[in-house]
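Note that numbering that gives the first Met the number 0 has the sequence shown beginning at 0, numbered continuously upward. Working notes, beginning with the structure itself.
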Amino acid sequence: MSVFTVIMAGGIGSRFYPMSTNQKPKQFLSLFSEKSMIRETFERILPLVDQDKIMISSNSNFEKLVKESLPEIFDRNLLMEPVGRNTAPALGLAALVALRRDPEAIIVSLHSDHYIKKESRFLNVLKNGLKLAEEGRIVTLGITPTYPEVGYGYILRGNAHEACDFEAYEVQKFVEKPDLDTAKSYLDTGNYTWNAGMFIFKAQQLLDEMSVHCPELHEGLMELNSKIDTPQFDEVYSQLKSIAIDVAVMEKSSNISMIPCDVGWSDVGSFYSLFQVHQG
0 MSVFTVIMAG GIGSRFYPMS TNQKPKQFLS LFSEKSMIRE TFERILPLVD QDKIMISSNS
60 NFEKLVKESL PEIFDRNLLM EPVGRNTAPA LGLAALVALR RDPEAIIVSL HSDHYIKKES
120 RFLNVLKNGL KLAEEGRIVT LGITPTYPEV GYGYILRGNA HEACDFEAYE VQKFVEKPDL
180 DTAKSYLDTG NYTWNAGMFI FKAQQLLDEM SVHCPELHEG LMELNSKIDT PQFDEVYSQL
240 KSIAIDVAVM EKSSNISMIP CDVGWSDVGS FYSLFQVHQG
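Here it is in structure tokens:
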């Protein structure tokens, strides 16, 4: 079994305009140090994943920016989309590529523009997540909420995994971004976490779940698999169903586990959240 990471880096960070633009999106900006956010994400995961197993999923228009931030990245680990098709096709492609190198591959999916303050604790959470993924669970990280945020989706936890030597739960359901009163009620129950969109899964298992819950996308990915290294790749990828991984799989599967974590996380989704991070 090999552990891969895919760093999602295809967004344009529109809420950070004019700092973030189509020519240089947020993930390529240096907001917390002299390093770009994608560089910080790359270095954060290095203690857990070999450098040659770190993949970058991005738009082909950003390939130069990716290489400028990560000059040591291997070309075979650059998953450049000809057109954005949301997170499910991007993760499906990452699964196909990882499986070519190891049929037992496990993937840690991270975002290139998230802030993590408590990095050692974060790595420990990922290690625990890998244990669950080895057992056949798809794992998501649930961020312990600190206030009633209306800009995030939430995760309602179900039964605890009693056999684990760390805190983990079945996912009862994913819920959409709430209004303020609903968000307050979520915090009052203590049973909800923020959905940070970070996942750990066996590559083959993700594809198997897609075949059940999103067969149209799965069919397209199977066609894509024979075209990855051919001139037809762009055309086939562009025809894939555009859909988020939450909608395609996570909200429908009964095989999702959640590990709650308090790691000083922020998606840095606005200038206000950037201010909060710098103040905190």
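We put the beta carbon where it would ideally sit given N, CA and C, even for glycine.
Going by the CB atoms, is the gap between residue j and residue i shorter than 8 Å?
{"i": "L69", "j": "F27", "result": "no"}
{"i": "V262", "j": "R75", "result": "no"}
{"i": "M36", "j": "N58", "result": "no"}
{"i": "M257", "j": "T139", "result": "yes"}
{"i": "L186", "j": "Q171", "result": "no"}
{"i": "R43", "j": "L239", "result": "no"}
{"i": "I199", "j": "L122", "result": "no"}
So which of the options has the shortest CA-CA distance to residue i?
{"i": "M221", "options": "L206, E134, S35, D233", "result": "L206"}
{"i": "Y191", "options": "D49, E134, I142, V267", "result": "I142"}
{"i": "P81", "options": "F232, M249, K251", "result": "F232"}
{"i": "I6", "options": "C260, S256, I106", "result": "I106"}
{"i": "G56", "options": "L64, R43, L77, D49", "result": "Correcting the residue type first, residue 56 is Ser in the shown sequence and not Gly. Nearest option by C-alpha distance: L77."}
{"i": "S184", "options": "K25, E118, D228, P144", "result": "P144"}
{"i": "G10", "options": "K240, A159, A89", "result": "A89"}
{"i": "Y236", "options": "A162, E218, M249", "result": "E218"}
{"i": "S253", "options": "I137, T188, N224, G150", "result": "I137"}
{"i": "K66", "options": "I255, L239, R38, N123", "result": "R38"}
Where does residue i land, buried or exposed, given buried means 16+ other C-beta within 10 angstroms?
{"i": "P230", "result": "exposed"}
{"i": "D178", "result": "exposed"}
{"i": "M54", "result": "buried"}
{"i": "K176", "result": "exposed"}
{"i": "Y146", "result": "exposed"}
{"i": "F274", "result": "Reliability of the predicted coordinates at F274 is poor, the pLDDT of 49 falling under 50, and no value is obtained from them."}
{"i": "S100", "result": "The sequence shown places Arg at residue 100, not Ser. That one is exposed."}
{"i": "N158", "result": "exposed"}
{"i": "D245", "result": "buried"}
{"i": "F73", "result": "exposed"}
{"i": "V211", "result": "exposed"}
{"i": "A162", "result": "exposed"}
Between residue i and residue j, which are expected to be in contact by the criterion C-beta below 8 Å, what is the C-beta distance as a whole number of angstroms?
{"i": "V2", "j": "K52", "result": "7 Å"}
{"i": "S111", "j": "A243", "result": "At roughly 17 Å, the Cβ-Cβ gap does not stay under 8 Å, so S111 and A243 are not in contact."}
{"i": "L216", "j": "A87", "result": "6 Å"}
{"i": "W264", "j": "Y114", "result": "7 Å"}
{"i": "C213", "j": "V248", "result": "7 Å"}
{"i": "F173", "j": "G152", "result": "6 Å"}
{"i": "L45", "j": "A202", "result": "With 8 Å as the limit, L45 and A202 do not qualify as a contact, their Cβ atoms being about 20 Å apart."}
According to DSSP, what are the bridge partners of residue i?
{"i": "M257", "result": "T139, Y168"}
{"i": "E80", "result": "N58"}
{"i": "Y114", "result": "S265"}
{"i": "S108", "result": "V5, F198"}
{"i": "R156", "result": "V170"}
{"i": "I53", "result": "T4"}
{"i": "Y191", "result": "L155"}
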